[in-house]
Structures are given as C-alpha cells and as structure tokens.
Amino acid sequence: MSRERTGPRRSTLAGAHDIVVLVVAATLLIAYEGGPTPWEMALPYTVALTLLAFMDVQLSHGDTVDVDAAVVIASTYIFGPITALGMVFVSRGVSHLVRHRLRPRSEIVASIAKRAVGIAASTVFLVPLSGLTLGRAEIYLNGFVAGIAYVLVSLVYSQIGLALERQDSVMRMTASNLALQGPVLAAEVCVAILTVLIHDEMGIWGLALVLFLAVMTRQSFALLLDARHGYQATVEALVGAMEAQGTHETGIGSRAAIVARAAGAEYGWFGKSLENMGYAALLIHFGLSFVTRDETTGEARPTPLAEVEFLRPVAPIVEVAETPRLSAPVTRRTLVKAYIVTLCVARLTPGRAERKVAGLSGQLTPRERWRAEDAVERALRKSGIA
C-alpha cells in the first residue's frame with residue numbers, strides 16, 4: 023500500500039457545516055424509511071466497511087479517494103438507507119478510535135456527512151424507479167442509478183468545503199477530481215451492481231470477492247498516484263540541482279511552478295494541464311529546453327530532456343515560449359499556456375522572461391491576453407506574492 027498523505031485540516035466552520043448536513047440527512051432518511059432493520063444480515067457488510075475505512079487514499083490537496091463506495095451503495099439498496107448510514111457510523115467510528123483514540127477530529131464528521139449525503143441522493147433517485155417491474159434488468163438499472171447518484175453527489179459535496187477554504191471554484195475542483203477519480207468511481211459502481219447480484223446466491227463468499235475487487239481498485243489507483251509523485255520527485259531533484267548553482271534564487275522556480283498551476287486553474291483548466299504548466303514554468307525559469315538550435319544553420323537537435331517520457335506533453339509549451347514565432351502551427355490552448363507560464367516567471371524573476379512575454383503577447387487576441395493576465399494576477403494575490 024502507498025504511504026498516506028495528509029491534507030490540510032478542516033476549519034471549525036467547515037466542521038460545523040458537516041454536522042448540520044449530517045443531522046439533516048439522517049433526519050430525512052429516518053423519516054423516509056420504515057420497517058425492521060436487518061442488522062444481523064448487515065453485520066458482515068459492516069465488517070467489510072470497517073476494513074475498507076482504513077484504506078482511504080489521501081490526496082495532497084486534502085481530498086480523499088474512498089474505496090468503500092461499492093459496499094455503501096450495495097448496502098443502501100439491499101438493507102435500506104438507515105441501516106447503511108448506521109453501518110457507516112460504526113465503520114468510521116471504529117477506524118477513528120483505532121487511529122486517533124478519543125481525540126476529536128472534524129475529519130470523521132466530514133467523512134460520515136459525505137456518505138450520508140450520497141446515501142440520501144441514491145435513495146431519492148431510486149424513488150421514481152420503485153414502481154417499475156423489469157425482472158433481472160431492474161437490479162442493473164437500480165444499481166446503476168443509485169451508484170451514479172451516490173458517487174457524484176458525495177464527490178461534489180466533498181469539494182464544497184475544500185473549495186471554500188481554498189477560495190477556489192467548486193465546479194472546477196469537481197471536474198478536476200472527476201477526471202482524476204473517474205475510472206475508480208466507474209469501477210465502484212460496477213462492483214456495487216455485482217454485490218447486489220451475488221448477495222443472495224454467494225453470501226459471505228460474494229462479499230469476500232467484493233472486498234478483493236475493492237482492494238485491487240485501491241491498489242491500482244495508489245500505484246498511479248505513486249507514479250505521479252515519482253515524476254514530481256524527479257523534477258524536484260532537478261530543481262534542487264539547478265538551485266544549488268545559484269543559492270540567491272533558491273525557491274523562486276518552485277514558486278513560479280505553484281503560481282503557474284494556480285493561474286492555469288484561474289483560467290479554467292484542471293488536472294494534467296495544470297501539472298504540465300508547473301513543469302513548464304520550472305524549465306523556463308532555469309532556461310532548460312527540449313531542443314537546441316544551431317546558431318549558424320538553425321538546425322534543431324533534441325536535448326536529454328526530450329527523452330523523458332512524462333515531460334513530453336510539456337515540450338510544446340516550452341518550445342512555444344522559447345521560440346514564439348514557430349513555423350509549425352500551434353493550438354491556441356498551447357499559446358495561452360505558454361503566455362501564462364512565461365508571465366508567471368517574468369513576474370517572479372523580473373528581466374528573465376520579459377522578451378518571451380512580449381513575443382507571445384502579440385499572437386494573442388485581446389480577450390485571450392486579458393483573461394491570461396487576469397488569471398495570473400488572481401493567482402499571485404491568492405498565493406500572497408502580489
């Protein structure tokens with residue numbers, strides 16, 4: 023398993039918000055559900071949820087990728103929303119006691135509130151389907167609807183508190199996390215449907231299969247994150263080596279990368295695009311490139327950076343910034359990215375990239391230039407630099 027990465031602690035206001043949402047969601051579910059609660063049948067699922075509660079994957083910006091969604095969705099469908107919510111309380115409470123003893127932490131309230139909102143959403147979306155009789159297909163339809171409602175609503179809810187604390191856009195953060203977690207969310211919905219299908223036939227053995235699939239999904243995603251952190255560590259090592267040659271500029275390259283990513287987010291991009299802009303800012307700040315040009319013949323020759331696989335998407339941004347008047351056509355998106363990145367470098371290191379900024383500025387439309395400059399200014403203000 024990958025090592026845990028802990029994000030920023032939630033504020034008191036965010037914790038109070040989670041408590042209110044949790045109370046409201048639980049009250050609505052209690053009012054909705056009637057009949058006996060099948061706690062004896064739900065016990066194995068509660069144990070499974072408790073095990074999965076220890077396997078959440080922490081992201082660097084404070085969000086969490088859950089691996090228990092499939093079991094929560096299936097439990098909501100099989101046992102009802104109140105039983106599913108009770109199982110979440112027990113599993114999260116046990117994991118909290120094991121990890122933190124009796125020390126109160128707002129994260130546990132946030133994790134339960136997120137699942138309560140997801141359970142409420144899946145219950146609401148299942149109501150219109152309750153009158154349909156489609157035979158075996160009904161299980162697939164209900165599982166799909168409940169699963170999609172749960173994962174999307176809980177994902178959006180988890181972004182609200184983070185977005186407010188980071189002064190960011192909820193929709194942009196949701197889109198970014200959806201792009202990152204999309205395959206995991208799709209896999210969890212499929213596993214939830216499978217869980218419902220095999221519940222009656224396989225019993226505890228079916229739950230063991232579900233646990234295996236959930237753990238495999240978690241490990242696959244954790245390996246992906248570790249690979250991305252490996253790329254980042256490689257670039258950080260390169261930055262450290264470059265900064266060692268000029269200690270008076272220590273940390274400026276890293277700040278340029280942070281501001282470039284923030285400016286890209288302010289412009290409206292997310293996900294991998296922001297990562298690439300951060301790498302481009304570092305390379306431009308230190309004067310590194312993917313090609314060198316012969317001053318006499320103008321012939322372009324690749325540098326060792328051109329052989330680095332994960333940096334290849336960064337090459338067009340750096341090449342446009344280094345040679346604004348390229349003979350080959352470039353996309354408007356790449357041109358704007360290059361302008362934002364060089365502008366960030368020029369603002370943090372006056373005189374270093376100002377000629378590049380001037381060369382790129384003339385190729386943008388007035389609206390593109392204004393949006394890019396406004397995005398950089400907002401990023402600088404939020405980072406406390408401007």
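If you use the numbering used here, the sequence shown corresponds to residues 23 to 408, in order.
Where is the CB? At the ideal position from N, CA and C, for every residue including glycine.
1) Where does residue 392 land, buried or exposed, given buried means 16+ other C-beta within 10 angstroms?
2) Which class does residue 351 belong to by DSSP, given the choice of helix, strand or coil?
3) Would you call the stretch 161-168 and the stretch 215-223 touching, i.e. three or more CB-CB distances under 8 Å?
4) Rounded C-beta distance between residue 285 and residue 362? I'm assuming under 8 Å.
5) Would you give the residue range spanned by the alpha helix (DSSP H) that residue 283 belongs to?
6) Roughly how many angstroms separate the alpha carbons of residue 288 and residue 260, rounded to a whole number?
7) So, residue 281 versus residue 401, is the Cβ gap smaller than 7 Å?
8) Which stretch, first to last residue, makes up the beta strand (DSSP E) that contains residue 338?
9) At which residues does the beta strand (DSSP E) containing residue 66 begin and terminate?
10) If you check the beta carbons only, do residue 179 and residue 116 fall under 7 Å apart?
11) Round the Cβ separation of residue 201 and residue 292 to the nearest angstrom and send it over; I've been treating them as touching at under 8 Å.
12) Below 8 Å on the Cβ atoms is my guess for residue 92 versus residue 223; work out the distance and round it to an integer in Å.
13) Which two residues bound the contiguous beta strand (DSSP E) that contains residue 324?
14) Round the Cβ separation of residue 63 and residue 101 to the nearest angstrom and send it over; I've been treating them as touching at under 8 Å.
15) Are the beta-carbon atoms belonging to residue 336 and residue 380 less than 7 Å from one another?
16) Could you say if the stretch 384-391 and the stretch 356-373 meet the contact criterion of at least three C-beta pairs nearer than 8 Å?
17) In this structure, how does DSSP classify residue 241 when only helix, strand and coil are distinguished?
18) So, with DSSP's three-state summary, where would you put residue 86?
19) Would you tell me roughly how many angstroms separate the C-alpha atoms of residue 113 and residue 123, rounded to the nearest one?
20) Of the choices 160, 135, 99 and 181, whose alpha-carbon is the least far from that of residue 144?
21) Please give the ranges of any alpha helix (DSSP H) in the stretch 89-148, keeping only runs that are unbroken, at least 4 residues long and fully inside the region.
22) DSSP three-state call for residue 155: helix, strand or coil?
23) Are the beta-carbon atoms of residue 277 and residue 370 separated by less than 7 Å?
24) Which residue's Cα is closest to the Cα of residue 232: 95, 404, 86 and 397?
Considering the structure as presented:
1) It counts as exposed.
2) Note: residue 351 maps to coil in three-state DSSP.
3) By the Cβ criterion, the stretch 161-168 is in contact with the stretch 215-223, since at least three pairs of Cβ atoms, one from each stretch, lie closer than 8 Å.
4) That belief holds up - the Cβ atoms of residue 285 and residue 362 are roughly 5 Å apart, short of 8 Å.
5) For residue 283, the enclosing alpha helix (DSSP H) begins and ends at 274-289.
6) Approximately 27 Å, taken between the alpha carbons.
7) Yes, these two residues count as a Cβ contact at 7 Å.
8) Residue 338 -> not in any beta strand (DSSP E); alpha helix (DSSP H) instead, spanning 337-344.
9) Where residue 66 is concerned, there is no enclosing beta strand (DSSP E), although the alpha helix (DSSP H) it sits in stretches over 61-75.
10) Cβ distance not < 7 Å, so residue 179 and residue 116 don't count as in contact.
11) Contact holds; Cβ gap of about 7 Å.
12) Actually they do not touch by this definition, with Cβ atoms about 17 Å apart.
13) Per DSSP, residue 324 belongs to the beta strand (DSSP E) from 322-324.
14) With 8 Å as the limit, residue 63 and residue 101 qualify as a contact, their Cβ atoms being about 7 Å apart.
15) Their beta carbons are not under 7 Å apart, which means residue 336 does not touch residue 380 by this criterion.
16) Enough Cβ pairs lie closer than 8 Å, so yes.
17) Residue 241 falls in the helix class under three-state DSSP.
18) Correct three-state label for residue 86: strand.
19) Taking the straight line from one Cα to the other gives about 14 Å.
20) Residue 99 is the option with its Cα nearest to residue 144.
21) Fully enclosed alpha helix (DSSP H) runs of 4 or longer: 91-101, 103-122 and 128-148.
22) Coil at residue 155, not helix or strand.
23) Going by C-beta atoms, residue 277 is nearer than 7 Å to residue 370.
24) Check the Cα spacing between residue 232 and each of 95, 404, 86 and 397: the tightest is with 95.
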